[in-house]
Amino acid sequence: MATIISGKEVSAKVREEVRKECEQLAEMGITPGLAVIIVGDDPASRVYVNNKKKACEEVGFISEEYALPAETTQEELLALISKLNSKPDIDGILCQLPLPAHLDEKAVINAISPTKDVDAFHPSNVGKIMIGDYDFLPCTPAGVMELIHSAGIEVSGKNCVVIGRSNIVGKPMAMLLLHENGTVTICHSRTKNLKEICASADILVAAVGKPKFVKADMVKEGAVVLDVGINRDKNGKLCGDVDFEEVAPKASFITPVPGGVGPMTIAMLMKNTLKAAKLQNQL
Ligand code: NAD
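Just so we're aligned, residue 10 is where the sequence shown starts under this note's numbering, counting upward by one.
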């Protein structure tokens with residue numbers, strides 16, 4: 010039976026480290042500030058934004074919420090971002106995605122100053138990740154790496170398979186594993202022989218968005234399995250992309266859903282905001 014890597018525990022540790030550093034910054038008169046923009050009233054986005062706000066308060070950051078109506082125009086949203094880009098007490102800016110259909114997500118991402126882009130979605134930060142010389146890492150893949158490190162798992166030389174090629178998870182995930190000298194394969198919806206490729210993985214990361222997609226026959230005996238998925242099963246219960254009951258007996262390490270990668274994302278956002286505050290203050 011696999012050892013369960015607890016994102017709850019690891020994320021609490023990361024947030025505590027951030028809180029301590031924040032205390033030290035306070036002695037220098039610096040308080041990191043995060044601005045969160047939410048447009049419209051998507052219930053899932055509301056939950057995420059509330060959780061981010063709560064996490065900010067816990068570690069001692071200033072958190073500002075900008076809740077805009079669904080009818081907000083592109084110009085209004087860009088004007089707010091421009092204002093926040095030059096607001097000195099704000100170190101990090103994030104705009105909760107997805108945006109209402111009439112807004113241009115790409116333009117919004119591009120408008121956030123790369124030095125305040127704590128989601129690391131701006132093309133300039135994405136490029137920096139590609140060359141391995143970055144200030145911020147995207148929160149979810151960075152959280153997965155933190156879980157891997159916390160369990161003492163060596164990536165170097167391992168066969169790593171990432172299922173999913175999104176800009177937010179799959180692609181940067183593959184890059185971070187590559188930076189640690191993994192031999193990385195990215196699988197996606199057009200991949201042939203998915204089962205065989207996954208079954209060759211020493212480290213398997215699932216970021217598909219399909220409930221219980223990864224079955225036991227896709228997993229090598231002793232593999233490390235990291236589940237990024239957040240889905241609902243047929244009964245409406247929260248579940249990952251991995252069929253935990255089937256896969257856990259075969260894996261050496263596995264992350265659960267909930268309580269695995271999920272809590273890491275916000276913890277890494279706190280880490281990025283702290284880093285942004287240090288950068289703004291030339292520390
Ligand atoms: P996405 O929909 O943008 O990407 C899904 C990827 O899966 C695509 O690249 C697609 O090619 C691939 N895919 C789809 N069907 C496939 C198939 N049959 N075989 C192989 N590959 C297939 O999703 P995303 O934004 O990358 O998110 C993936 C999952 O992770 C979702 O469940 C999402 O909710 C979750 N997520 C969790 C966190 C977190 O904080 N834990 C953060 C972001 C996303």
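By construction, the Cβ of each residue, glycine as well, lies at the ideal position given by its N, Cα and C atoms.
Q: Kindly identify the DSSP beta-bridge partner or partners of Asp250.
A: Beta-bridge pairing links Asp250 to no other residue.
Q: Pick out whichever of His197, Cys196, Met182 has its Cα sitting closest to the Cα of Asn190.
A: Met182
Q. In the structure shown, what three-state DSSP assignment does Ser12 receive?
A. In the sequence as displayed, the identity of residue 12 is Thr instead of Ser. Reduced to three states, the DSSP call for Thr12 is strand.
Q) Below 8 Å, can you find three or more Cβ-Cβ pairs linking the segment 236 to 255 to the segment 204 to 217? A) yes
**Q.** CA nearest to the CA of Lys93, picked from Ala44, Ser54, Pro109
**A.** The question names Lys, but residue 93 is Leu in the sequence shown. Selected option, being the one with the closest Cα: Ala44.
Q) If you draw a straight line from the C-alpha of Arg199 to the C-alpha of Ile121, how long is it? A) 33 Å
Q.
Suppose you measure from the CA of Glu25 to the CA of Cys31; what does that come to, to the nearest Å?
A. 10 Å
Q. Taking the alpha-carbon positions, what's the Thr192 to Leu203 distance?
A. 16 Å
Q: Just tell me which of Lys259, Glu84, Cys248 has its CA closest to the CA of Met10.
A: Lys259
Q.
I need the DSSP call for Glu205, collapsed to helix, strand or coil.
A. helix
Q. Would the beta-carbon of Cys196 fall within 9 Å of that of Val171?
A. yes
Q: Would you decide whether Asn37 is buried or exposed? Buried here means 16 or more other CB atoms lie within 10 Å of its CB.
A: In the sequence under discussion, the amino acid at residue 37 is Met, which differs from the Asn named in the question. Met37 is exposed by the Cβ-count criterion.
Q. For Lys29, is the classification buried or exposed, using 16 other Cβ atoms within 10 angstroms of its Cβ as the cut-off for buried?
A. exposed
(Q) Please tell me whether, using a cut-off of 8 Å, the distance from the CB of Val217 to the nearest non-hydrogen atom of the ligand NAD is below it. (A) yes
Q: Evaluate the contact criterion for the segment 151 to 168 versus the segment 269 to 285: three or more CB pairs, one atom per stretch, below 8 Å.
A: yes
Q) Rounded to a whole number of angstroms, what is the C-alpha to C-alpha distance between Asn244 and Asn59? A) 26 Å
Q.
Taking its Cβ as the centre, do 16 or more other Cβ atoms sit within 10 Å of Lys63, making it buried, or is it exposed?
A. exposed
Q: Tell me whether Val55 sits in a helix, a strand or coil according to DSSP, three-state version.
A: It should be pointed out that residue 55 corresponds to Arg in this sequence rather than to Val. Of the three classes helix, strand and coil, the one that applies to Arg55 here is helix, per DSSP.
Q: Using the Cα positions of Asp113 and Glu230, report the straight-line distance between them to the nearest angstrom.
A: 44 Å
Q. Is it right to say Ser91 is buried, meaning 16 or more other beta carbons lie within 10 angstroms of its own, or is it exposed?
A. exposed
Q) Where does the unbroken beta strand (DSSP E) through Asn94 begin, and where does it stop? A) Not the beta strand (DSSP E): Asn94 falls in the alpha helix (DSSP H), residues 83 to 94.
Q) Should the segment 64 to 71 be called in touch with the segment 125 to 135, which here means at least 3 C-beta pairs below 8 Å? A) no
Q.
Within 10 Å of its beta-carbon, does Lys246 have 16 or more other beta-carbons around it, so buried, or fewer, so exposed?
A. exposed
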